[in-house]
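In short: position in the sequence shown from 1, add 37, done, that's my numbering.
Even glycine gets a Cβ: it sits at the ideal position worked out from N, Cα and C.
Okay, so here's the structure we're looking at.
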Amino acid sequence: MSEALLNAGRQTLMLELQEASRLPERLGDDFVRAANIILHCEGKVVVSGIGKSGHIGKKIAATLASTGTPAFFVHPAEALHGDLGMIESRDVMLFISYSGGAKELDLIIPRLEDKSIALLAMTGKPTSPLGLAAKAVLDISVEREACPMHLAPTSSTVIP
38 MSEALLNAGR QTLMLELQEA SRLPERLGDD FVRAANIILH CEGKVVVSGI
88 GKSGHIGKKI AATLASTGTP AFFVHPAEAL HGDLGMIESR DVMLFISYSG
138 GAKELDLIIP RLEDKSIALL AMTGKPTSPL GLAAKAVLDI SVEREACPMH
188 LAPTSSTVIP
């Protein structure tokens, strides 16, 4: 039994490493554009996402804040119930959604546009509504999740 567990653990790590190793070749103009938008942001970097993407977003916001970039996380549902008022035109929003089609985006994107807030996307579907609305898209797509049942986001959560 312990050998089977070790093999499963090793296979999971190898698949996650394989998916992460594809990331450098995807870096291009959108990465540079996103980095420049964040570097020249005169306000805060607001990070948002739902589910596992939200958990990752909280980590990204905390890391940015720890390194001196004013940042915080806002849950999309809370954003739609008043928290968009915390976001100003000099801020940047980084929205993380693997599908790029979270229903909340249909309501959030127009409000961001009305406030002239730059939208950056981390998505596995660059041609999704999120990807098309963003000023820069970071492609976090994976060929295969490490979860044997293909239910839990595993490889795709290592990439951001």
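Only buried fits residue 81, as 16 or more other CB atoms lie within 10 angstroms of its CB. When the Cα atoms are used, residue 46 and residue 134 turn out to be separated by approximately 26 Å. Annotation for residue 100: no beta strand (DSSP E) segment contains it, though the alpha helix (DSSP H) segment containing it runs 89 to 103. In the structure shown, the three-state DSSP call for residue 155 is strand. Shown here, residue 72 sits in a helix according to DSSP, grouped into three states. Out of 175, 166, 127, the CA that lies nearest to the CA of residue 157 is found in 175.
Taken through DSSP and simplified to helix, strand or coil, residue 58 comes out as helix. Excluding five sequence positions before and after residue 144, the CB atoms of its chain that fall closer than 8 Å to its own CB belong to 117, given in chain order. The alpha-carbon of residue 162 is positioned some 38 Å away from that of residue 39. If you ignore the 5 residues before and after residue 110, its C-beta comes within less than 6 Å of the C-beta of 84, 94, 95, 98, all in its own chain and listed in chain order.
Rounded to whole angstroms, residue 132 and residue 159 show a C-alpha spacing of 6 Å. DSSP, read as helix, strand or coil, puts residue 86 in strand. In this structure, the straight-line span from the alpha carbon of residue 92 to that of residue 50 is close to 20 Å. In the three-state scheme derived from DSSP, where H, G and I count as helix and E and B as strand, residue 160 is classed as strand. Taken atom to atom, the span from the alpha-carbon of residue 73 to that of residue 181 is near 31 Å.
Listed as beta-bridge partners of residue 176 by DSSP are 160.
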